[in-house]
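One structure is given here, and the rest of the page talks about it.
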Amino acid sequence: MASGSRPSSDQRSSSHGKRRKIMVENVSEFSPSMINGSSPPSFGLMNCVVCGDQACSHFYYGVACCHGCKCFFWRSVKNHAEYKCRFNKNCEISINARNACRYCRFQRCLKAGMQVESVRIETTEKPKKRLNEFADEPVNKKFCVSPIVEKIKQLELKTQEEADYNENESSMLPGSLNEIFAFPESMDAFRTKIVYRVRLHAVTEEELNFCKFRTLAYATDYIRAISELNLIQMDFMDQIKLLRHSYGPLTIFNMAVGSIKTTRDRSLLCLPTGITISKHESVVTNSFINNLVSNNIMDTLFEPIDELNPTDDEIMLIRAIIVLNSDIEGLNTEFKNSLSNMRDELHNALYQSCQNDQTNAPSRFAKFLHLLSKTTILARDLIEHIKLSHSFNTGRKQNDPIFYELFGDLFHDEIVQTQSKANDYL
Numbered sequence: 020m021a022s023g024s025r026p027s028s029d030q031r032s033s034s035h036g037k038r039r040k041i042m043v044e045n046v047s048e049f050s051p052s053m054i055n056g057s058s059p060p061s062f063g064l065m066n067c068v069v070c071g072d073q074a075c076s077h078f079y080y081g082v083a084c085c086h087g088c089k090c091f092f093w094r095s096v097k098n099h100a101e102y103k104c105r106f107n108k109n110c111e112i113s114i115n116a117r118n119a120c121r122y123c124r125f126q127r128c129l130k131a132g133m134q135v136e137s138v139r140i141e142t143t144e145k146p147k148k149r150l151n152e153f154a155d156e157p158v159n160k161k162f163c164v165s166p167i168v169e170k171i172k173q174l175e176l177k178t179q180e181e182a183d184y185n186e187n188e189s190s191m192l193p194g195s196l197n198e199i200f201a202f203p204e205s206m207d208a209f210r211t212k213i214v215y216r217v218r219l220h221a222v223t224e225e226e227l228n229f230c231k232f233r234t235l236a237y238a239t240d241y242i243r244a245i246s247e248l249n250l251i252q253m254d255f256m257d258q259i260k261l262l263r264h265s266y267g268p269l270t271i272f273n274m275a276v277g278s279i280k281t282t283r284d285r286s287l288l289c290l291p292t293g294i295t296i297s298k299h300e301s302v303v304t305n306s307f308i309n310n311l312v313s314n315n316i317m318d319t320l321f322e323p324i325d326e327l328n329p330t331d332d333e334i335m336l337i338r339a340i341i342v343l344n345s346d347i348e349g350l351n352t353e354f355k356n357s358l359s360n361m362r363d364e365l366h367n368a369l370y371q372s373c374q375n376d377q378t379n380a381p382s383r384f385a386k387f388l389h390l391l392s393k394t395t396i397l398a399r400d401l402i403e404h405i406k407l408s409h410s411f412n413t414g415r416k417q418n419d420p421i422f423y424e425l426f427g428d429l430f431h432d433e434i435v436q437t438q439s440k441a442n443d444y445l
């Protein structure tokens with residue numbers, strides 16, 4: 020379920036705020052027989068008119084629908100979503116396949132009679148104070164929040180949205196990196212809730228493999244959200260380049276911070292899927308992370324992060340600095356300049372946050388930069404391990420084409436998709 024506010028039963032009341040023009044193809048009065056694909060059985064108000072699942076006890080947006088379709092429709096309108104169909108705009112929408120195509124599911128919602136104007140988007144306005152009310156108030160630097168911090172908070176919320184995924188649905192992996200960015204729903208099976216916790220059980224190869232794709236889904240969602248929130252415009256090739264250079268450090272930084280926030284035991288590395296790696300256990304060698312990498316993370320990053328005790332805003336800014344790297348080779352000049360300018364804003368915001376601390380601001384800021392360099396070095400070890408597993412396990416190249424395209428192996432560089440292939444998804 021998406022983070023933030025969730026729709027309630029009173030959302031069918033009058034709406035306000037800016038509405039998005041949503042394209043509906045030949046929407047007419049709803050009749051189940053008129054909808055493409057198999058129609059759900061109708062049992063009064065017992066079944067969702069969109070997918071056929073059990074409907075909620077109340078009407079939402081004018082129709083009887085299930086919790087999943089209700090939230091999907093609300094989230095689509097709230098986020099001004101634009102979906103694309105990979106097939107012929109005739110996909111089956113049923114209980115077990117409702118997430119296969121977001122475009123067709125949204126069109127089904129509209130044809131079923133769900134009303135866009137009934138979605139209420141909260142617009143909370145803070146009361147304005149008169150100038151003389153500030154006369155006796157002391158100046159506090161902590162209230163001088165940089166605008167970029169608010170943008171990054173929106174980015175974090177969008178990235179942490181969970182998918183409305185049904186375990187009965189097929190979880191076939193996408194065939195290429197282009198497909199991941201062109202059709203985000205192809206990674207829905209791995210968009211589980213991010214949970215850092217201590218679990219004193221040996222991790223399995225299957226659990227680590229799932230964790231690998233969960234971290235990939237997080238990284239791709241983060242980069243895609245940058246473009247969707249109009250922070251920086253980029254095409255699929257630009258997104259793939261950012262992913263290739265930020266996946267390693269972003270994954271390592273998140274695991275280190277998540278572990279520090281979860282436990283005081285510095286011999287445990289917590290992963291975002293709720294599993295834990297101990298310094299004293301042997302990790303399966305073919306996994307995306309091994310004992311050497313996990314131990315180096317604990318030995319190198321735990322102490323400085325614990326000493327800095329970063330705030331939530333500082334953690335968000337560090338993540339953004341990791342991803343928005345303007346030093347990547349092969350970027351066009353315009354995109355490179357946009358990255359550089361935004362990274363300067365992030366550095367300024369991070370330094371401003373350091374000034375809010377009681378310690379010496381320049382020293383604290385320098386420690387954050389040192390932490391970034393350590394994370395980058397550890398990321399190289401992680402990527403080298405992934406390449407090593409590709410080099411001497413020929414079956415993994417076929418079973419794991421996404422990571423092989425992303426990083427290649429020890430004998431070949433990463434497989435770079437041509438621009439013409441990327442244009443096929445535009």
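The numbering of the sequence shown is this note's numbering, which starts it at 20 and goes up by one. Quick reminder that beta carbons are idealized off the backbone N, C-alpha and C, glycines included. Please read all numbers here as calculations on a predicted model, not as lab measurements.
Per DSSP, the unbroken beta strand (DSSP E) holding residue 296 starts and ends at 295-297. Counted as a single uninterrupted DSSP element, the alpha helix (DSSP H) harbouring residue 358 occupies residues 352-374. For the 9 Å CB-CB criterion, residue 259 and residue 200 form a contact.
The beta carbon of residue 231 lies closer than 6 Å to those of 307 in the same chain, with the five residues before and after it left out.
Taking all protein chains shown into account, residue 357 has 16 or more neighbouring C-beta atoms within 10 Å of its C-beta and is therefore buried. Bounds of the alpha helix (DSSP H) holding residue 88 are 86-97. Approximately 4 Å separates the beta-carbon atoms of residue 320 and residue 275; this is inside 8 Å, confirming the contact.
Among the bridge pairs identified by DSSP, residue 237 is matched with none.
Bounds of the alpha helix (DSSP H) holding residue 123 are 121-130. Here residue 126 is buried. Its C-beta has 16 or more other C-beta atoms within 10 Å. In this structure residue 133 touches residue 81 by the C-beta definition: roughly 6 Å separates them, less than 8 Å.
By the Cβ test, the stretch 276-284 is not in contact with the stretch 374-391, since fewer than three Cβ pairs between them sit closer than 8 Å. It is roughly 38 Å from the alpha-carbon of residue 344 to the alpha-carbon of residue 138. Each residue's CA atom was taken as its position, placing residue 74 and residue 124 some 16 Å apart. Apart from the 5 residues on each side of it in sequence, residue 268 sits with its Cβ closer than 6 Å to the Cβ of 341, 394, 395, 398 in its chain, given in chain order.
In terms of Cβ geometry, residue 131 and residue 84 form a close pair [threshold 9 Å]. By the beta-carbon neighbour count (other beta carbons within 10 angstroms, threshold 16), residue 286 is exposed. Contact annotation, residue 295 with residue 219: C-beta distance approximately 7 Å; criterion of less than 8 Å satisfied.
Taking the Cα positions, residue 314 is about 6 Å away from residue 298. Residues of the same chain with a CB within less than 8 Å of the CB of residue 89, apart from the 5 flanking positions on each side, are 26, 75, 79, 80 in chain order.
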